[in-house]
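Just below is one structure, and these are the notes that go with it.
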Amino acid sequence: MGARVERNPSTDDVSADGPMDAVRARSPSLVVTAFGLSLLSVTVWHFLREVQTFGVGLPPLAAGLMGLTLSSGLLYTGRRLARSDLDRDERWRVAQVTLAGGAVFTGIIMLTMAIRAAEGRTITGASFVLFTAAGGGGIAGAIVGGLYARARRDTRVARFALAEAEQARERAENAREEAEENRREAERSRERLEEAQAETQELLEESRRTRDDLRLINRVLRHDIKNSIMVIESRAEFLADDLATLDEGSPVDDRAEEFLDTVVAQAEEIEREVERTGAVIETITDEDPDLQTTDLGAAIESQVGTVRESFDVDIGVTGLGDGDGPYVLANEVLADVLGNVLTNAVVHHDGEDPTIEVSVESDAETVSVVVADDGPGVADDRKAEVFHRGESSGDGGFGLFFVDRMVTQYGGSVRIEDADLGGAAFVFEFQCA
0 MGARVERNPS TDDVSADGPM DAVRARSPSL VVTAFGLSLL SVTVWHFLRE VQTFGVGLPP
60 LAAGLMGLTL SSGLLYTGRR LARSDLDRDE RWRVAQVTLA GGAVFTGIIM LTMAIRAAEG
120 RTITGASFVL FTAAGGGGIA GAIVGGLYAR ARRDTRVARF ALAEAEQARE RAENAREEAE
180 ENRREAERSR ERLEEAQAET QELLEESRRT RDDLRLINRV LRHDIKNSIM VIESRAEFLA
240 DDLATLDEGS PVDDRAEEFL DTVVAQAEEI EREVERTGAV IETITDEDPD LQTTDLGAAI
300 ESQVGTVRES FDVDIGVTGL GDGDGPYVLA NEVLADVLGN VLTNAVVHHD GEDPTIEVSV
360 ESDAETVSVV VADDGPGVAD DRKAEVFHRG ESSGDGGFGL FFVDRMVTQY GGSVRIEDAD
420 LGGAAFVFEF QCA
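Numbering that gives the first Met the number 0 puts the last residue of the sequence shown at 432; the count rises by one with no breaks.
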């Protein structure tokens, strides 16, 4: 509930609406004025009587002047009361105290005279003493009543100001609570906005990953499979021409047999590429890819052999035992991941005789593979960038983006460091199977 609203005494309308209200509003001042006129009448009567008795002299004039002063004070009080900003109750209070003051002073003097009369003393000038006491008491009562009314009015004003201050405090408290609620709502809105921005950013990142994945798939489909198909087409055209000129029953020459073998080999390569591309798509698009126990040692040896044969380079391998393994969580694309890095080390080498070393270390949880070379290396500001920019291995293969993407899906990691040989070192971490 709100604070009690008090009437503002400093702005109360003391004017009257109708004739009777006007009379009631002016009644206190009329009473005081009547009291003053009565005292003035008595003063004039007493002055004339004194002049008749004693003649014109200083004592009658002094007595008349005193009575005139007191009655004038009461008349001024009545006029001032009529024009004051006091309300009707406060005016009546002043009028009552004025009359009471005159009555009290007059009563005291009368009691004194009665006592002296009872003592047998002669009392003279009683009328002068009585109207003087009445006038003085009335003036004193008017002063006391006015001060009392003003004090009560000031108290009411102070109480009203206090009530207004309390209401202002409550309004300020309500405003503070509302501001705090607005702040909390703004904070909640900001959090919702940040969540929406984070979700949007995540969607954008997912979109970029999907776009890069599609570019990756497009690269292998357009390059590797297209190359194989072109080889098949060229060999098939030759065979078609050769068979067109071949007599029935004539044996196929050695060159035709070689081309037939090439067609079969390329067809098998296309089949492998399709299988490999399917595995890549499944791995990079599945949040929980189907990983298998994969022989890392066999993948390293097969890719090292392929690169040695393709580029006629010597590649050293350390850390592999005579048997199988070590085994990691991956799939059939693991060999392509390693082959991509090995090929990258050769094609980006700026010398004629590249040196490449592959080292393997394992513990209870992870297997580390380091592919180091003595090439130009990778600048520090590009060591992370090369995995995100679709860097090519140089032979049209999947590229380093493919390497990072696949290893991440395997639950592992890959990074580039400076090799002791002077070039770059690709450091792989795989989960043990």
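Note that beta-carbon positions come from the ideal geometry of N, C-alpha and C, so glycine has one too.
When the distance is taken between beta carbons, is residue j closer than 9 Å to residue i?
i	j	result
THR317	VAL377	no
LEU69	GLY144	no
GLU49	GLY63	yes
ALA329	PHE429	yes
ILE107	ALA132	yes
ARG275	ASP335	yes
ILE224	GLU194	no
GLY137	GLY101	yes
PHE130	LEU38	yes
THR97	GLY140	yes
ASN339	VAL426	no
VAL93	THR76	yes
GLY410	LEU337	no
LEU333	VAL306	no
ILE231	GLN196	no
ALA235	VAL263	no
ASP352	VAL312	yes
ARG78	THR32	yes
ILE228	ILE269	yes
VAL369	ILE299	no
For residue i, write down the residues that DSSP places opposite it in a beta bridge.
i	result
SER412	GLU428
VAL370	VAL357 and PHE425
TYR326	ASP294
Could you check what DSSP says for residue i in three-state terms: helix, strand or coil?
i	result
VAL512	Beyond the ends of the chain as shown, which are 0 and 432, falls residue 512; an answer cannot be given.
ARG3	Confidence at ARG3 is low in this model, with a pLDDT of 45, below 50, so its placement is unreliable and the value that follows should be read with caution. Coil at ARG3, not helix or strand.
ASP362	coil
ASP313	strand
ASP417	strand
ASP294	strand
GLY145	helix
VAL55	coil
VAL346	helix
PRO27	helix
GLU351	coil
ASP289	coil
LEU85	coil
HIS387	coil
ALA378	coil
VAL318	The displayed chain sequence assigns Gly, not Val, to residue 318. GLY318: coil per DSSP, three-state reduction.
GLY398	coil
Could you pull out every residue in the same chain whose Cβ sits closer than 7 Å to the Cβ of residue i, ignoring the five residues on either side in sequence?
i	result
ALA81	ARG25 and SER28
THR354	ASP372, ASP373 and LEU420
HIS348	ASP372 and GLY374
THR42	GLY63, GLY66, LEU67, SER70 and PHE130
Who are the Cβ neighbours of residue i in its own chain at under 6 Å, not counting the five residues just before and after it?
i	result
SER391	Residue placement at SER391 cannot be trusted, given a pLDDT of 49 that sits under 50; the coordinates are not used to answer.
ALA371	GLU356, ALA418, LEU420 and ALA424
LEU319	GLY296 and VAL359
SER361	PRO325
ARG87	ALA24
GLY422	ASP372, ASP373, GLY374 and GLY376
PHE310	VAL345
THR292	TYR326 and ALA432
Please work out which residues of its chain come closer than 8 Å, Cβ to Cβ, to residue i, disregarding the five sequence neighbours upstream and downstream, and give them in chain order.
i	result
VAL385	VAL377, LEU399 and ILE415
ASP323	ASP294, GLY296 and ALA297
Does any C-beta atom of chain D lie closer than 9 Å to the C-beta of residue i?
i	result
GLY144	Given the protein chain composition of this structure (a single chain), no chain D is represented.
Please give me, in chain order, every unbroken run of the alpha helix (DSSP H) with length at least 4 that falls completely inside the stretch 96-139. none
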